[in-house]
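Participant:
Numbering (my numbering), first residue to last: 10 to 113.
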């Protein structure tokens with residue numbers, strides 16, 4: 010069950026998740042992203058391309074620079090999917106709590 014665009018694939022990469030975190034604090038130029046993440050502009054651009062195709066970022070040209078902005082709405086799909094497992098984890102934590110109480 011893959012939706013278009015593939016938000017799950019976009020966030021599967023740790024560097025892309027780091028870019029999302031960085032953009033969550035404000036719009037950023039490609040050069041600033043590359044410098045702050047200690048990556049080449051080429052590598053950052055490739056990650057940004059994936060994020061853009063998934064709808065997670067947009068860019069605008071400002072002079073000679075491209076400024077990227079987070080578009081977090083597609084993350085709702087991820088949050089919704091993860092949310093379906095909340096009852097499972099609540100049950101597991103309750104069971105763990107009971108086991109811990111019994112071992113005291």
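Cβ coordinates follow ideal geometry from the N, Cα and C atoms, glycine included.
1) Since residue 85 is in the alpha helix (DSSP H), which residue starts that stretch and which ends it?
2) Rounding to the nearest angstrom, what Cα-Cα distance links residue 34 and residue 28 in this structure?
3) Alpha carbon to alpha carbon, how far is residue 18 from residue 60? Give it in angstroms, no decimals.
4) State the start and end residues of the unbroken beta strand (DSSP E) segment that holds residue 71.
5) Work out the CA separation of residue 111 and residue 83 for me, nearest whole Å.
Facilitator: This is what the structure holds:
1) Here residue 85 refers to the residue found at position 76 when the chain shown is read from its first residue. For residue 85, the uninterrupted alpha helix (DSSP H) run begins and ends at 84 to 92, by DSSP.
2) Reading the chain shown from its first residue, position 25 is the one you call residue 34. Reading the chain shown from its first residue, position 19 is the one you call residue 28. If I take the Cα positions, the gap works out to 10 Å.
3) By 1-based counting over the chain shown, the position of residue 60 is 51. By 1-based counting over the chain shown, the position of residue 18 is 9. Near 9 Å, if we compare the C-alpha coordinates of residue 18 and residue 60.
4) Walking along the chain shown from the start, residue 71 turns up at place 62. Residue 71 -> beta strand (DSSP E) spans 66 to 71.
5) Here residue 83 refers to the residue found at position 74 of the chain shown. Here residue 111 refers to the residue found at position 102 of the chain shown. Straight across, the Cα-Cα distance linking residue 83 with residue 111 is about 43 Å.
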